[in-house]
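**Student:** Numbering (this note's numbering), first residue to last: 1 to 225. Note that CB positions come from ideal geometry on N, CA and C, so glycine has one too. Dropping the structure in here first, questions after.
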């Protein structure tokens, strides 16, 4: 009986806590500062080992990210900035004023709009519809998965890279359930990169609901808002 009760509480408006003085700002600033220092240290170490003649290969061209440095703007850039600014300026007051369920819904829609705007920085094909179709991504493996039980039995044996039957990068780097989501989408007729990307964005945006709902269940109603 505990699971249904917990699920029901997610949608209930959490009881508001008594007003208390703001004492967590210093802790928040310290947390941000620690994160900045950590990223800066990782960047510095990566650049040090990437220098010519270091004798160390770390396979990361743009430390601390396993990516290429490619600053640019695109169709979604302006919208991503505007949404971020609007959330920072008006989000806290709106979340405090709205009923709980509407606050969660508003958070989800804002998250969805912002993520989609970020994908549109690279345009429809490169940033969204074609993003999961490149050889390193999930959809590259979908046509070859015709026997799911066999795929699960052999999954771990194909994780090691540079083998004749190695999984692609993202398939080998995640549990098999992630790949099976795209297999099942394909099986029900939602083929291709656009449907796959839509599912990823819709699911990923739920973090804006999952985090406050979890915090509220832990008894921190005001923090959840």
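Let's see if you can read the secondary structure: which residues bound the alpha helix (DSSP H) around residue 90?
**Tutor:** Run containing residue 90: 77–97, per the alpha helix (DSSP H) assignment.
**Student:** Candidates 136, 177 and 166: which alpha carbon is nearest residue 152's?
**Tutor:** Cα-wise, what sits closest to residue 152 is 177.
**Student:** If residue 68 sits next to residue 77, beta carbons under 8 Å apart, how far is it from one beta carbon to the other, in whole angstroms?
**Tutor:** Not a contact, Cβ separation roughly 18 Å.
**Student:** According to DSSP, simplified to helix, strand and coil, what is residue 21?
**Tutor:** The predicted model places residue 21 with a pLDDT of 44, which falls under 50 and marks its position as unreliable; any figure quoted below should be read in that light. Residue state, collapsed to three classes: coil.
**Student:** Would you please verify whether the beta carbon of residue 59 is less than 8 Å from any beta carbon of chain C?
**Tutor:** The chain labelled as chain C is not found in the depicted structure, where only one protein chain is given.
**Student:** Give the single residue among 38, 65 and 37 whose Cα lies nearest to the Cα of residue 50.
**Tutor:** Closest option to residue 50, Cα to Cα, is 65.
**Student:** Taking the alpha helix (DSSP H) that residue 246 falls in, what are its first and last residues?
**Tutor:** Summary: the structure shown does not reach residue 246, with the chain confined to residues 1 through 225, and so no result is reported for it.
**Student:** Can you give the beta carbon distance from residue 103 to residue 225, rounded, assuming they're within the 8 Å contact cut?
**Tutor:** With 8 Å as the limit, residue 103 and residue 225 qualify as a contact, their Cβ atoms being about 6 Å apart.
**Student:** Out of 52, 150, 205 and 135, point me to the one whose CA is closest to residue 119's CA.
**Tutor:** Per the Cα distances, 205.
**Student:** Figure out for me which residue from 89, 185, 218 and 210 has the closest Cα to the Cα of residue 198.
**Tutor:** Ranking 89, 185, 218 and 210 by Cα distance to residue 198 puts 185 first.
**Student:** Since residue 182 and residue 196 should fall inside the 8 Å C-beta cutoff, what is the C-beta to C-beta distance between them, to a whole number of angstroms?
**Tutor:** Rounded, the Cβ-Cβ distance is 5 Å, consistent with contact.
**Student:** Does DSSP put residue 65 in a helix, a strand or coil?
**Tutor:** Strand, per DSSP.
**Student:** Exposed or buried, what is residue 162 when buried is set at 16 or more other beta-carbons lying within 10 Å of its beta-carbon?
**Tutor:** Exposed.
**Student:** Under a Cβ-count criterion, where at least 16 other Cβ atoms within 10 Å of its own Cβ denotes burial, should residue 200 be classed as buried or exposed?
**Tutor:** Burial call: buried.
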